[in-house]
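Chemist: Count the sequence shown with UniProt numbering and you get residues 1 to 505, in order.
Built from N, CA and C at the ideal position, the CB exists for glycine as well.
This structure is a prediction, so every number in the text was calculated from the model and none was measured.
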Amino acid sequence: MMEYNNSGLEINIEQDEQKNNSKQSSIIPEIRPLKCPNPVVNRLSLLPAYPTFDRFGPINGDHLLLANVPVRYLTNEQQRRRSHYQFHQPFTLTDQSNDLNVRPFFVKIYGNLYENLTKRFHIDDATLDYNYERLSMCMNIMTQERIRYGLLPIDTIGMAKLRLDEYTLAMEFYLQIDDELFFMKTCSFRNAQPSSYEHRGIFCIDEPRSFYGLQPCELVTCRFCYPIKEVLMHGRQNQPVVQFSSAHTHRFLNGYETILNCPASCTTKNILYALTCPCARFDYVGYTSMTLDEQLKYHREHGNRIIHEFILGPENIKQIQQRTKSPEELIVDDILLYKHLAHCPSAIQMFLDCNPQYWHFVPMLESEAATQNLSCNLSSNNYTFSPYQRFKQPQILKNKRDDLKPNVHLDIYNASIIAVLPDNCTQLFYHLIEALFITHAQTKLNTLGHLDGMIVENNNSNNTYARLVSTGHDSNWCQNLVRRPVISYEKTRSLASQRRNPHFQ
Ligand SMILES: [Zn+2]
Ligand SMILES: [Zn+2]
Numbered sequence: 001m002m003e004y005n006n007s008g009l010e011i012n013i014e015q016d017e018q019k020n021n022s023k024q025s026s027i028i029p030e031i032r033p034l035k036c037p038n039p040v041v042n043r044l045s046l047l048p049a050y051p052t053f054d055r056f057g058p059i060n061g062d063h064l065l066l067a068n069v070p071v072r073y074l075t076n077e078q079q080r081r082r083s084h085y086q087f088h089q090p091f092t093l094t095d096q097s098n099d100l101n102v103r104p105f106f107v108k109i110y111g112n113l114y115e116n117l118t119k120r121f122h123i124d125d126a127t128l129d130y131n132y133e134r135l136s137m138c139m140n141i142m143t144q145e146r147i148r149y150g151l152l153p154i155d156t157i158g159m160a161k162l163r164l165d166e167y168t169l170a171m172e173f174y175l176q177i178d179d180e181l182f183f184m185k186t187c188s189f190r191n192a193q194p195s196s197y198e199h200r201g202i203f204c205i206d207e208p209r210s211f212y213g214l215q216p217c218e219l220v221t222c223r224f225c226y227p228i229k230e231v232l233m234h235g236r237q238n239q240p241v242v243q244f245s246s247a248h249t250h251r252f253l254n255g256y257e258t259i260l261n262c263p264a265s266c267t268t269k270n271i272l273y274a275l276t277c278p279c280a281r282f283d284y285v286g287y288t289s290m291t292l293d294e295q296l297k298y299h300r301e302h303g304n305r306i307i308h309e310f311i312l313g314p315e316n317i318k319q320i321q322q323r324t325k326s327p328e329e330l331i332v333d334d335i336l337l338y339k340h341l342a343h344c345p346s347a348i349q350m351f352l353d354c355n356p357q358y359w360h361f362v363p364m365l366e367s368e369a370a371t372q373n374l375s376c377n378l379s380s381n382n383y384t385f386s387p388y389q390r391f392k393q394p395q396i397l398k399n400k401r402d403d404l405k406p407n408v409h410l411d412i413y414n415a416s417i418i419a420v421l422p423d424n425c426t427q428l429f430y431h432l433i434e435a436l437f438i439t440h441a442q443t444k445l446n447t448l449g450h451l452d453g454m455i456v457e458n459n460n461s462n463n464t465y466a467r468l469v470s471t472g473h474d475s476n477w478c479q480n481l482v483r484r485p486v487i488s489y490e491k492t493r494s495l496a497s498q499r500r501n502p503h504f505q
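#1: Using only the heavy atoms of ligand 1, determine whether one of them is closer than 7 Å to the beta carbon of L232.
#2: Just to confirm the assignment: which complete alpha helix (DSSP H) runs, minimum length 4, are found wholly within the stretch 198-246?
#3: For C224, which option in A415, T439, P263 and Q322 has the closest C-alpha, if you only look at C-alpha atoms?
#4: Below 8 Å between beta carbons: does that hold for I418 and L272?
#5: Examine ligand 1 and report whether any of its heavy atoms sits within less than 7 Å of the Cβ of F87.
#6: Would you please state the rounded distance, in angstroms, between the beta carbons of S128 and L117? I believe it to be under 8 Å.
#7: Output the distance between the C-alpha atoms of A280 and N238, rounded to the nearest integer angstrom.
#8: Keeping to the same chain, check which residues put their C-beta closer than 8 Å to that of V220; ignore five residues upstream and five downstream.
#9: Kindly examine ligand 1 and report whether one of its heavy atoms sits closer than 7 Å to the Cβ of F391.
#10: Nearest to I154 by alpha carbon, out of T143, R163, A160 and I412?
#11: Would you give the residue range spanned by the beta strand (DSSP E) that Y85 belongs to?
#12: Output yes or no for whether 8 Å exceeds the beta carbon distance between R80 and F203.
#13: Give the DSSP-derived three-state secondary structure of I317 in the structure shown.
#14: Does DSSP put I311 in a helix, in a strand, or in coil?
#15: Using a Cβ-Cβ cutoff of less than 7 Å, which residues in the same chain neighbour I317 once the five nearest sequence positions on both sides are dropped?
#16: May I ask you to report which of helix, strand or coil DSSP gives T439?
#17: Going by the CB atoms, is the gap between L428 and Q319 shorter than 8 Å?
#18: Quick one: is M290 buried, meaning 16 or more other Cβ sit within 10 Å of its Cβ, or exposed?
#19: For L481 and A342, I'd like the C-alpha separation in whole angstroms.
#20: Give me the Cα-Cα distance between L253 and A441, rounded to the nearest whole angstrom.
#21: Quick check: the stretch 322-337 against the stretch 255-271, are there 3 or more CB pairs under 8 Å?
#22: Hey, out of V285, D411 and R190, whose CA is closest to H450's CA?
#23: Nearest-angstrom Cα distance between Q395 and Y338?
#24: Please classify Y50 as buried or exposed, where buried requires at least 16 other C-beta atoms within 10 Å of its C-beta.
#25: Taking C-beta to C-beta, are P278 and F244 nearer than 8 Å?
#26: Under a Cβ-count criterion, where at least 16 other Cβ atoms within 10 Å of its own Cβ denotes burial, should V102 be classed as buried or exposed?
#27: If we ignore side chains and look at the alpha-carbon of each, how far apart do N191 and L113 end up?
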């Protein structure tokens, strides 16, 4: 597994020169890197494992359950644990009822939580019990974090809030989350067929394989199956938002892989999905009870709004904004998933490709700017607005502010369904599974859910910019933007002046 890497997270957004209408004056100039050289909890200790000799002693790689690793890749010690190691049984249970047809209630609970699972999963009571403890620890960390954020009542006590059937479902997910791969081969809900893959309980016999596709729904109203041409061609440069496949897997940016556990399509609800930024350095895991498209609508709306606000800058936004921000917008403004977009050159590039009218508000190299007019006051900063831009900006802000509405159909993040979840479970259950994926995929755009404390450490900081993530460019945000030859908007500018623009490729 890749280790969490701090390098490259630091950005120093230089204050744009004063000439830029102090557009970035509200941005704190220096954004500090995420400071978590040592996560609070070792990720190993959150993975499913065999009981250690003293049950709660430290574990190493040999102790891990490694359910997704075929036998031939295990060390001798690991093979021994999987096949015939006798673990100390933490309890014995004897049914002493007089009538064999009426099992005591307690034994029925045991049957649901242990007996059924040990048979289905091919593990013993000791291993199962040990992993209930471990899962319970994950749950406690998650609930504590959500309590801190005011998302759960202060008296919420971890697993105690799950239903009995959710204990076993959560365990089924948990045991099949390995160090590097999620492969839920036992899945039997939502049209999954556990027999599709030859396995021994939760354990792989052969190489893990994907059986379920992420299929197009073929509905003409579906934006994934029938993308809006203009957005696909210009904004996304022909890159679809969702990649369909008949045997679906997803690889996170840290290398963690997931194999889809049920058949899925664009219309599947109740899912875990992944978003990946076009910069290929930041990703995200989310749960939604809706379909992927319904969920992305929300991300689109706020993502495009935030880039729009960033490019125009606070002064201009104040001028054209008809209303004050809603409380929801103010909350969203602080969420990493959206914040990143305003500091990611790849995202801004995609936005500009789709909305070329915003180029009037993107400073250019002084040498370029100078070519657009006879007189240009050179300053010490490399980037400036050309006199032509300065001439156009007030016009657009005053008379053509409708031009400054981003195309609401542009999805900036690439999306994928990574797991289908059982229906009718509690929110707590869904957030637990979500947090497990966030933790092992080490997704940098999730504020909550890193059970190993990868970002939690920074969440204690009042300085929200401390958590602001960027792509590591330590120079002007507009430095590497490329003006593509879409000449639909600006008809007044002569071709000759465009050719002189070194950014015009
Ligand atoms: Zn579709
Ligand atoms: Zn990015």
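Modeler: In terms of the structure at hand:
#1: No, since every heavy atom of ligand 1 falls outside the 7 Å radius drawn around the Cβ of L232.
#2: As far as the stretch 198-246 is concerned, it has no whole alpha helix (DSSP H) run of at least 4 residues.
#3: Sequence inspection shows Phe at residue 224; the Cys mentioned does not correspond to that position. Ranking the options by Cα distance to F224, first place goes to A415.
#4: Their beta carbons are under 8 Å apart, which means I418 touches L272 by this criterion.
#5: Checking every heavy atom of ligand 1 against the Cβ of F87, none is found closer than 7 Å.
#6: The sequence given here places Leu at residue 128; Ser does not occur at that position. At roughly 6 Å, the Cβ-Cβ gap stays under 8 Å, so L128 and L117 are in contact.
#7: Looking at the two C-alpha atoms, the distance is approximately 17 Å.
#8: Beyond the five residues adjoining it in sequence on each side, V220 comes within less than 8 Å, by CB distance, of Y226 in the same chain, given in chain order.
#9: No, the Cβ of F391 stays beyond 7 Å of every heavy atom of ligand 1.
#10: When T143, R163, A160 and I412 are compared, the shortest CA-CA separation from I154 is found for T143.
#11: In this chain, Y85 is not harboured by any beta strand (DSSP E), its DSSP state being neither H nor E.
#12: Inclusion of R80 and F203 in the CB contact set at 8 Å is not warranted, their separation being larger than that value.
#13: Residue state for I317 is assigned as helix, using DSSP reduced to three classes.
#14: Three-state DSSP puts I311 in a helix.
#15: Excluding positions up to five away in sequence, the list reads E309.
#16: Helix, per DSSP.
#17: Against a cut-off of 8 Å, the Cβ pair of L428 and Q319 comes out as no contact.
#18: Counting the other Cβ atoms within 10 Å of the Cβ of M290 gives fewer than 16, which makes it exposed.
#19: Looking at the backbone, the Cα of L481 and that of A342 are separated by about 13 Å.
#20: Roughly 8 Å between the two C-alpha positions.
#21: The answer is no - the stretch 255-271 does not touch the stretch 322-337, with fewer than three Cβ pairs under 8 Å.
#22: With distances taken between Cα atoms, H450 lies closest to V285.
#23: So the two alpha carbons sit approximately 29 Å from each other.
#24: The residue in question, Y50, is buried, as its Cβ has 16 or more Cβ neighbours within 10 Å.
#25: A distance of 8 Å or more separates the beta carbons of P278 and F244.
#26: The Cβ neighbour count for V102, taken over all protein chains shown within 10 Å, is under 16; the residue is labelled exposed.
#27: One Cα belongs to N191, the other to L113, and the distance between them is close to 23 Å.
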